[in-house]
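In the numbering used here, the protein residues as written are 53 to 203.
The beta carbon of each residue, even a glycine, is placed where N, CA and C say it ideally should be.
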């Protein structure tokens with residue numbers, strides 16, 4: 053496919069990772085010097101980001117944490133910026149429709165499909181919101197992963 057983008061893979065522990073340079077939502081950006089890794093996770097309904105970044109986007113969106121569930125809730129009617137992840141060669145954009153979850157048609161509060169890492173400040177885990185936006189093909193022997201937008 054002409055719209056496929058690929059990233060070199062690094063095998064660490066029991067998962068495949070690829071490097072990223074920055075993540076961004078609106079005016080909030082997370083950039084770290086040194087090796088920063090991200091990995092796709094087909095089992096997790098959230099994008100997990102560094103705690104510092106999570107606090108900033110929660111503040112920017114007026115998100116309220118539900119103490120009982122640990123979920124962040126936002127006003128469904130407000131406008132949202134896309135979430136962007138930058139690698140050395142590519143930019144991946146996750147549209148709000150993939151990370152703003154309206155559980156019932158009449159809900160006024162929606163779930164923000166982000167969580168934070170505590171203690172892993174240089175990792176981003178790309179859960180189902182990313183995989184609703186991009187089809188992923190892993191070529192383990194070639195040590196690369198391809199992403200193609202889902203049309």
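Legend entry - the segment 102 to 115 / the segment 124 to 136 touching (three or more Cβ pairs under 8 Å): A contact between stretches requires three or more CB pairs, one per stretch, nearer than 8 Å, and the segment 102 to 115 meets this requirement with the segment 124 to 136.
Inset, instruction - Please report how far the alpha carbon of residue 95 lies from the alpha carbon of residue 175, in whole angstroms. - result: Taking the straight line joining both Cα atoms gives about 17 Å.
Inset, instruction - Express the C-alpha separation of residue 77 and residue 65 in angstroms, rounding to a whole number. - result: Those two C-alpha atoms are separated by around 29 Å.
Legend entry - Contacting residues, own chain, Cβ-Cβ under 7 Å from residue 195 (five flanking each side not counted): If we look at residue 195 and ignore the five residues flanking it on each side, its Cβ neighbours are 60 and 61.
Legend entry - Rounded C-alpha distance that separates residue 189 from residue 108: Spanning the alpha carbons of residue 189 and residue 108 requires a straight line of approximately 32 Å.
Legend entry - Between the CA atoms of residue 135 and residue 81 - distance to the nearest angstrom: When rounded, the distance between both Cα atoms is 10 Å.
Inset, instruction - Give the range of the beta strand (DSSP E) segment to which residue 181 is assigned. - result: It is not in any beta strand (DSSP E) - residue 181 instead sits in the alpha helix (DSSP H) that spans 180 to 183.
Legend entry - DSSP three-state assignment for residue 108, whether helix, strand or coil: Residue state, collapsed to three classes: helix.
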